[in-house]
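Heads up, the sequence shown is in the numbering used here, so the first residue is 112 and it goes up one at a time.
Virtual Cβ for every residue (Gly too), placed ideally from N, Cα, C.
Bear in mind that the values here come from a model prediction, so they are computed numbers and not experimental data.
Down below is the structure, laid out as structure tokens.
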Amino acid sequence: MSSCIFCRIIEGSIPAKIVYQDEHTLAFDDINPQAPVHTLVIPKRHVASVQDLGESDQALLGRLLLTCTKIAKDKGLSESGFRVVANTGLDGGQTVLHLHFHVMGGRHMSWPPG
112 MSSCIFCRII EGSIPAKIVY QDEHTLAFDD INPQAPVHTL VIPKRHVASV QDLGESDQAL
172 LGRLLLTCTK IAKDKGLSES GFRVVANTGL DGGQTVLHLH FHVMGGRHMS WPPG
């Protein structure tokens with residue numbers, strides 16, 4: 112998916128402030144942060160959205176969520192709290208069609224979110 116901006120970040124053709132990566136996941140700071148801490152966690156394999164995950168993706172989904180908690184801990188959010196968001200589809204606010212989780216914190220998160 113060379114037209115996907117996140118796939119291009121994974122391949123290194125678009126720079127990003129990478130804060131963590133392993134064999135299956137990549138985490139980088141959002142270029143338009145909505146909170147003092149705003150990091151995106153993505154799979155290295157292109158998956159368009161949560162809707163495109165299947166039974167065979169259980170391990171990947173678990174790894175992504177564990178990466179979210181690792182990022183929160185590394186960024187000092189574990190005690191104060193943080194938000195993990197996965198926008199799905201146009202009405203859900205998804206603007207990049209590559210599955211990604213927003214890990215946000217460093218301020219009080221109000222509800223409802225939007």
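- In the three-state reduction of the DSSP assignment, Ile153 falls in the strand class, which pools E and B.
- Here Asp168 has Val158 as same chain residues with Cβ atoms under 8 Å from its own Cβ, once five neighbours each way along the sequence are excluded.
- Exposed is the label assigned to Pro144, since fewer than 16 other Cβ atoms lie within 10 Å of its Cβ.
- Annotated as distal: Thr150 and Lys181, with beta-carbon spacing of 8 Å or more.
- Shown here for Ala146: same chain residues with a beta carbon closer than 7 Å to its own, the five before and five after excluded, namely Met215, Gly216, Gly217, Arg218 in chain order.
- With respect to the C-alpha of Ser221, the residue from Ile153, Arg174, Arg194, Ile120 having the closest C-alpha is Arg194.
- If you ignore the 5 residues before and after Gln205, its C-beta comes within less than 7 Å of the C-beta of Ser160, Asn198, Thr199, all in its own chain and listed in chain order.
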